[in-house]
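Enquirer: Here the numbering used here is used: the first residue of the sequence shown is 40, the next is one more, and so on.
Idealized CB from N, CA, C, for every residue including glycine.
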Amino acid sequence: MADSTAKRTCRVCGRTYDYPEPGSLATRTACESCVSIPKDVRRALSTMRSRIDRMSREIERLKSDRPAS
Ligand SMILES: [Zn+2]
Numbered sequence: 040m041a042d043s044t045a046k047r048t049c050r051v052c053g054r055t056y057d058y059p060e061p062g063s064l065a066t067r068t069a070c071e072s073c074v075s076i077p078k079d080v081r082r083a084l085s086t087m088r089s090r091i092d093r094m095s096r097e098i099e100r101l102k103s104d105r106p107a108s
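In structure tokens, the structure reads:
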């Protein structure tokens with residue numbers, strides 16, 4: 040087991056992947072399926088993903104604030 044390989048989270052789609060993985064084109068910040076997306080688009084997608092993450096957390100927080108009826 041090489042300890043240089045780590046689980047990373049793709050900043051574009053949010054999935055976890057191993058990095059570095061032999062034969063994989065994945066980079067430090069993008070998984071193999073997102074690495075071919077143009078950099079500008081990737082940046083826009085990662086901005087939206089972090090917004091969605093934030094909103095999801097906020098929704099969970101609001102849901103837990105009010106008792107289920
Ligand atoms: Zn990805």
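Helix, strand or coil: how does DSSP classify A69 here?
Expert: Within the sequence shown, the letter at position 30 stands for residue 69. Here DSSP, grouped into helix, strand and coil, assigns A69 to coil.
Enquirer: Would the beta-carbon of G53 fall within 8 Å of that of R105?
Expert: Indexing the sequence shown from 1 puts residue 53 at position 14. Indexing the sequence shown from 1 puts residue 105 at position 66. No, the Cβ-Cβ distance between G53 and R105 is not below 8 Å.
Enquirer: Determine the extent of the beta strand (DSSP E) in which T55 is found, giving its start and end residues.
Expert: Taking the first residue of the sequence shown as 1, we reach residue 55 at position 16. Here the beta strand (DSSP E) through T55 covers 55–58.
Enquirer: So if I measure from each beta-carbon to every heavy atom of ligand 1 and keep distances below 5 Å, which residues remain?
Expert: C49, V51, C52, C70, C73
Enquirer: For S85 and R50, which I take to be in contact (beta-carbon distance under 8 Å), what is that distance rounded to the nearest angstrom?
Expert: Numbered from its first residue, the sequence shown carries residue 85 at position 46. Numbered from its first residue, the sequence shown carries residue 50 at position 11. Their Cβ separation, rounded to whole angstroms, is 4 Å, which keeps S85 and R50 in contact under 8 Å.
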